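Here the structure comes first, spelled out in structure tokens, and everything after it is commentary.
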Amino acid sequence: MQFNTSQIESKWKEYWKKNDTYKVSNASEKPKFYILDMFPYPSGAGLHVGHPLGYIASDIYARYKTMKGFNVLHPMGFDAFGLPAEQYAIQTGVHPADSTATNIAMYKKQLNNIGFNYDWSREVNTSNPSYYKWTQKIFLLLYNSFYNTKEQKAQSISSLTDAFSVGGSSHIQAYSEDIQHFSADEWASYDLNQKEEILTNYRLAYRKISYVNWCEELGTVLANDEVKDGLSERGGYPVEKRAMMQWSLRITAYAERLLKDLDQLEWSDSLKAMQRNWIGKSSGAKVFFDLDGFDETVEIFTTRPDTIFGATYMVMAPEHDLVQKIATPEQKQAVEDYLQYVGAKSDIERSSNTKDVTGAFTGAYAIHPFTGNKLPIWISEYVLKDYGSGAIMAVPSDDERDQAFAQKFDLPIIEVVDQSDYPSAEKFEKKGKMINSDFLNGMEVKDAIKAATAAIAKMGKGSKTINYRLRDAIFSRQRYWGEPFPIKYTSDGIVVVDEDSQLPIELPALDNFKPTASGASPLARVTNWVNEGAYTRETDTMPGYAGSSWYFLRYMDPQNENEFASKEALEYWQDVDLYIGGTEHAVGHLMYSRFWHKVLFDYEKVPTNEPFKKLINQGMIQGVIESLVLLKEKKDGKAQFITEELRSNYAKDDYALIPVFVDYITDYGSKDSHLTLEGIQKFIDWRPEYKDAYFITSNGTIEGVAINELSDQYLMHTVSEVGKMSKRYFNVINPDDVVAQYGADCFRMYEMFLGPIEQSKPWDTKGIDGVSKFLRRLWSLFYDDNQHLLISDEDPTKAELKILHKTIQKVEHDIHHFSFNTCVSTFMVAVNELKKANCHKKSILSPLVALIAPFAPFISEELWETLGEQGSVHQATYPEFNASHTKEDEITYPVCFNGKKRLEATFAADTSRDDIMKDVMTLNGIDKYLEGKTPKKIIVVPGRMINIVV
RNA sequence: GCCGAAGUGGCGGAAUUGGUAGACGCGCUGGAUUCAAAAUCCAGUUUCCUCGGAAGUGUGGGUUCGAUUCCCACCUUCGGUACCA
Numbered sequence: 016m017q018f019n020t021s022q023i024e025s026k027w028k029e030y031w032k033k034n035d036t037y038k039v040s041n042a043s044e045k046p047k048f049y050i051l052d053m054f055p056y057p058s059g060a061g062l063h064v065g066h067p068l069g070y071i072a073s074d075i076y077a078r079y080k081t082m083k084g085f086n087v088l089h090p091m092g093f094d095a096f097g098l099p100a101e102q103y104a105i106q107t108g109v110h111p112a113d114s115t116a117t118n119i120a121m122y123k124k125q126l127n128n129i130g131f132n133y134d135w136s137r138e139v140n141t142s143n144p145s146y147y148k149w150t151q152k153i154f155l156l157l158y159n160s161f162y163n164t165k166e167q168k169a170q171s172i173s174s175l176t177d178a179f180s181v182g183g184s185s186h187i188q189a190y191s192e193d194i195q196h197f198s199a200d201e202w203a204s205y206d207l208n209q210k211e212e213i214l215t216n217y218r219l220a221y222r223k224i225s226y227v228n229w230c231e232e233l234g235t236v237l238a239n240d241e242v243k244d245g246l247s248e249r250g251g252y253p254v255e256k257r258a259m260m261q262w263s264l265r266i267t268a269y270a271e272r273l274l275k276d277l278d279q280l281e282w283s284d285s286l287k288a289m290q291r292n293w294i295g296k297s298s299g300a301k302v303f304f305d306l307d308g309f310d311e312t313v314e315i316f317t318t319r320p321d322t323i324f325g326a327t328y329m330v331m332a333p334e335h336d337l338v339q340k341i342a343t344p345e346q347k348q349a350v351e352d353y354l355q356y357v358g359a360k361s362d363i364e365r366s367s368n369t370k371d372v373t374g375a376f377t378g379a380y381a382i383h384p385f386t387g388n389k390l391p392i393w394i395s396e397y398v399l400k401d402y403g404s405g406a407i408m409a410v411p412s413d414d415e416r417d418q419a420f421a422q423k424f425d426l427p428i429i430e431v432v433d434q435s436d437y438p439s440a441e442k443f444e445k446k447g448k449m450i451n452s453d454f455l456n457g458m459e460v461k462d463a464i465k466a467a468t469a470a471i472a473k474m475g476k477g478s479k480t481i482n483y484r485l486r487d488a489i490f491s492r493q494r495y496w497g498e499p500f501p502i503k504y505t506s507d508g509i510v511v512v513d514e515d516s517q518l519p520i521e522l523p524a525l526d527n528f529k530p531t532a533s534g535a536s537p538l539a540r541v542t543n544w545v546n547e548g549a550y551t552r553e554t555d556t557m558p559g560y561a562g563s564s565w566y567f568l569r570y571m572d573p574q575n576e577n578e579f580a581s582k583e584a585l586e587y588w589q590d591v592d593l594y595i596g597g598t599e600h601a602v603g604h605l606m607y608s609r610f611w612h613k614v615l616f617d618y619e620k621v622p623t624n625e626p627f628k629k630l631i632n633q634g635m636i637q638g639v640i641e642s643l644v645l646l647k648e649k650k651d652g653k654a655q656f657i658t659e660e661l662r663s664n665y666a667k668d669d670y671a672l673i674p675v676f677v678d679y680i681t682d683y684g685s686k687d688s689h690l691t692l693e694g695i696q697k698f699i700d701w702r703p704e705y706k707d708a709y710f711i712t713s714n715g716t717i718e719g720v721a722i723n724e725l726s727d728q729y730l731m732h733t734v735s736e737v738g739k740m741s742k743r744y745f746n747v748i749n750p751d752d753v754v755a756q757y758g759a760d761c762f763r764m765y766e767m768f769l770g771p772i773e774q775s776k777p778w779d780t781k782g783i784d785g786v787s788k789f790l791r792r793l794w795s796l797f798y799d800d801n802q803h804l805l806i807s808d809e810d811p812t813k814a815e816l817k818i819l820h821k822t823i824q825k826v827e828h829d830i831h832h833f834s835f836n837t838c839v840s841t842f843m844v845a846v847n848e849l850k851k852a853n854c855h856k857k858s859i860l861s862p863l864v865a866l867i868a869p870f871a872p873f874i875s876e877e878l879w880e881t882l883g884e885q886g887s888v889h890q891a892t893y894p895e896f897n898a899s900h901t902k903e904d905e906i907t908y909p910v911c912f913n914g915k916k917r918l919e920a921t922f923a924a925d926t927s928r929d930d931i932m933k934d935v936m937t938l939n940g941i942d943k944y945l946e947g948k949t950p951k952k953i954i955v956v957p958g959r960m961i962n963i964v965v
């Protein structure tokens, strides 16, 4: 039989489907193993060769685990809500549900082409009402919960209201940023509205005013990644912050647990570091400063309470609530001007300006708690409203920014830390002895922090505090294509939740997807949906991360209509044993999923505290972007392109890079990448607006219209950059094309062969022939050139068994370490050696095919059948390694002199260390290296090497 | 700036606990086969050299009998983050 990839692939795809080869059961005696891929957003562009990298790795691992006797769950689904589909709907009028369904069908076809072992009966689609019913249900659970800081877990909000009814707010231990004090009687006297206002401070899902990116010209709210440098990505219009009442999730309540539980996870250090940075825990003290002439106090947060005697002024965030109140009439104008200045700047501009020091004096003063001195209160953009309490005590002697500010506005500086005992200490480092600090004088910084905090607490002016950088997550989007909230409002604006029996609240039909003028979601147009009796529905929808924060649970029991997953299914599958995905979700998705999971855990709805035990970040496969250099200046009204090597003659502003479809490029991806005359012709055909352009090469200029008459010495070199694989750069490689040319097995193995899974690298087809050759060589162990079967039933030789078992050992080791590139090398070595040994024995080839099966599922299935084995190779038992076959009788030792290898010597494997030491001195040629000297020392590492020290 | 990852032939990369640096593949060179080509097969391929050797894993130092691997300092590239008090 001939090796024909497309025939083999369609044959076995059919077989797997017919035999339900990849169907996974929840009822199994086998140990479970749950391996998960980050599910894709089904975009209209389809999969490119970068997407499957992680999927191939997980597929290999899943198939390996199955053969090792595990019941393996390896599902796939779609993160189907999202902006691109809505954008497409606005442009074309095609309903997002329709375009999404089309895209999903295309994705599934592409995925099946690569031969993944997904159990499609478990497919999940977040935009499906039977799925988002449970997203809505979990949202309601969050809404009806508060965080009990004593028990350290989420509890029902009703237990909080019960406690309020019994004892008011005094003995409550519940997480909140805004604690109000009231008695049980007061609580009873409040009306619904007042109660709700208080509960809002405790609920894990709550509403507050937050800011969105509003673009007046586009008349819509933009996502963060639609805003570039303070302008809308589409059109480049200005974007401003606009306040809107929006849903948020109180993830901050879980900050400590999210931080602490990282320790138990098998994630990479860099990923954990990213999450830790994001949570941003810092410990210090909060201190209340009295205001001169006002009853209010200003709360500040500091990590350096020891330096409190060095505080010479205060700074508030410009948006701080007290600013308007305390500003004196004389300073009112200055404050207004400054607010004007800050308000006009976007976030990006504000944070990119770290050099210029700006601010304004409010005219008000705070009272220093120890000295009683009056400290002027300033406002400045370098203090952020959302971090700490939005105000600081400024210590110019020990903080870089405070120092710059003090110098600019001529504020006093008092040195309070003497670092002369620590000459190596950096300035502002927490090292030194306190000076000019009253009762702290002479103390080491470390002790002074404790002493100062204790003194502040004793005065009732503050306490030790832990602060987190993590913010609550905004959960509202003013969009159509997302989960509707199961929420409506009374005419007084009081929240009414939908009953379980009403879920799912489905997205209503709509034909105009354009945003509304007010910035509300397009849903606001559907008045008969919005107005439900006396109630008005929430018209915002949930963000992308809503559906993806729990999808891994749904795979366990995807068709369940009574629960998001049954208790039995959850008990059996527990958690994800191995999660593979890109780093782009390092903080967003992974943080929200952990948060949701912990809430569910607190309610005993899931059996585990963390969702993803082990996580591997696959690197990205990037594309090469090939561009022509276009001069901005025209000549005779015609565009001018220059060859890459002439680019250095021009300033950066004089030219632009025009991406070229990579298929037209010769030597794509190399330093020498260029367009030949033929390539230039293709380029012009593709972009007719350049048909008259000049193409300036090193050997002279050619005009687009006159190409045919010219010879081949004219090459236009292009600029090669490694970057994203994207439609925008015309460098997308579709896996279908690679599969059609080389076969799915070759594509899979080549992606693995490119290098370590965690590393990013540009796609490059150089070298795919090597893998293709390997598969043909494997085939040639079974069939000769005339397609005659070569298989024999002879007993294997010792040498053949050794090749096989060395391979088993190495491949299994490497799979455990996710080193799939070296697995492929190992297979190549094995096939090369068996070929050399002329081995066609079933006893060797059967286990070899089983070893290769996880990597090349199609060819191995075909060869398994050829060998006369029963059933699917993917349900076979993994070959067992037997060490007795790899034992060496003799070992060839490298003989080194001072660590450099000079000679070799072969000894029987069981030769003792002493005998080797003796024998090595009688070695042929050794005198030359000894140079007549006696060796100082001979080191023998049995089985490894011999080193002679001269 | 801070945090993290990495730096090895012309290229992708390998080297398991500190123990023969460059496995495997691409590319290149030569040869066989062929009318010819493709395909296939065989041999060679880190650099320098006086063909016996010498140097060599970003740079400089250190520990060690021995360092791609461990330690210190620096350089470069990539990813994350950005006035976090």
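16 is the number of the first residue of the first sequence in this note's numbering; add one for each residue after it. Where a beta carbon is used, it is the ideal one built from N, C-alpha and C, also for glycine. What you are looking at is a predicted structure, and each value in this text was computed from that prediction instead of being measured.
- Fewer than three Cβ pairs drawn from the region 875 to 884 and the region 59 to 72 lie within less than 8 angstroms of each other, which leaves the two stretches out of contact.
- Shortest Cα-Cα distance from P869 to any of G886, A891, E884, K856 involves A891.
- Close CB contacts of E547 within its chain, under the 8 angstroms cut and outside five residues either way in sequence, are with K503 (chain order).
- Between the alpha carbons of P55 and W202 lies a distance of about 48 angstroms.
- Using a Cβ distance threshold of 8 angstroms, K739 and Q637 count as a contacting pair.
- Three or more pairs of CB atoms, one per stretch, sit closer than 8 angstroms, so the region 34 to 42 contacts the region 122 to 136.
- Secondary structure of F420 (DSSP, three-state): helix.
- Exclusion of the five residues before and after Q422 leaves no residue of its chain whose Cβ lies closer than 6 angstroms to its Cβ.
- A contact between stretches requires three or more CB pairs, one per stretch, nearer than 8 angstroms, and the region 432 to 451 fails this requirement with the region 507 to 516.
- Cβ neighbours of E848 within its own chain (closer than 6 angstroms, five residues either side excluded): I818.
- Taking a cut-off of 8 angstroms on C-beta distances, the region 484 to 501 does not touch the region 75 to 89, as fewer than three cross pairs fall below it.
- Per DSSP, the beta bridge partners of M449 are V432.
- CA-to-CA, the gap between I699 and A671 works out to about 17 angstroms.
- The region 205 to 217 makes contact with the region 173 to 192: 3 or more CB pairs, one atom from each, lie closer than 8 angstroms.
- Distance between K287 and Y49, taken at the CA atoms: about 22 angstroms.
- A direct Cα-Cα distance of roughly 47 angstroms separates R218 from M82.
- The beta carbon of K647 sits closer than 8 angstroms to the beta carbons of D668, D669, Y670, A671 from its chain, once the five residues preceding and following it are set aside; these are given in chain order.
- Relative to the Cα of I657, the nearest Cα in the group W611, H820, Y709 belongs to Y709.
- Taking the Cα positions, K301 is about 9 angstroms away from I481.
- The way I'd put it, the region 372 to 384 does touch the region 330 to 347; three or more beta-carbon pairs between them come closer than 8 angstroms.
- Scanning the region 916 to 961 for uninterrupted beta strand (DSSP E) segments of 3 residues or longer gives 952 to 956, listed from N- to C-terminal end.
- Non-local beta-carbon contacts of P626 in its own chain, meaning distances under 7 angstroms to residues more than five positions away in sequence, involve F567, D590, V591, S608, R609, H612 in chain order.
- When beta bridges are read from the DSSP output, M767 appears opposite no residue.
- Y147 has no beta-bridge partner at all, per DSSP.
- If you compare the alpha carbons of T176, N388, E444, V956 with that of S412, the shortest gap goes to E444.
- Here E919 is exposed: its Cβ has fewer than 16 other Cβ atoms, across all protein chains shown, within 10 Å.
- Between the C-alpha atoms of S858 and T822 there is a straight-line separation of about 14 angstroms.
- Taken in chain order, the whole alpha helix (DSSP H) runs of length 4 or more contained in the region 182 to 243 are 199 to 204, 207 to 214.
- Per DSSP, reduced to three states, the secondary structure at N913 is coil, with no helix or strand assignment.
- Along the region 56 to 106, the alpha helix (DSSP H) occurs as fully enclosed runs of 4 or more residues at 67 to 82, listed in sequence order.
- Assignment of beta-bridge partners to P499 by DSSP yields T556.
- Judged by DSSP in its simplified three-state form, Y566 adopts helix.
- Between the C-alpha atoms of E553 and R222 there is a straight-line separation of about 12 angstroms.
- If you look at F656, you'll find it in the beta strand (DSSP E) that goes 653 to 657.
- Nearest to G130 by C-alpha distance, out of G559, A220, I520, F762, is F762.
- Bridge pairing for Y380: P391 [DSSP].
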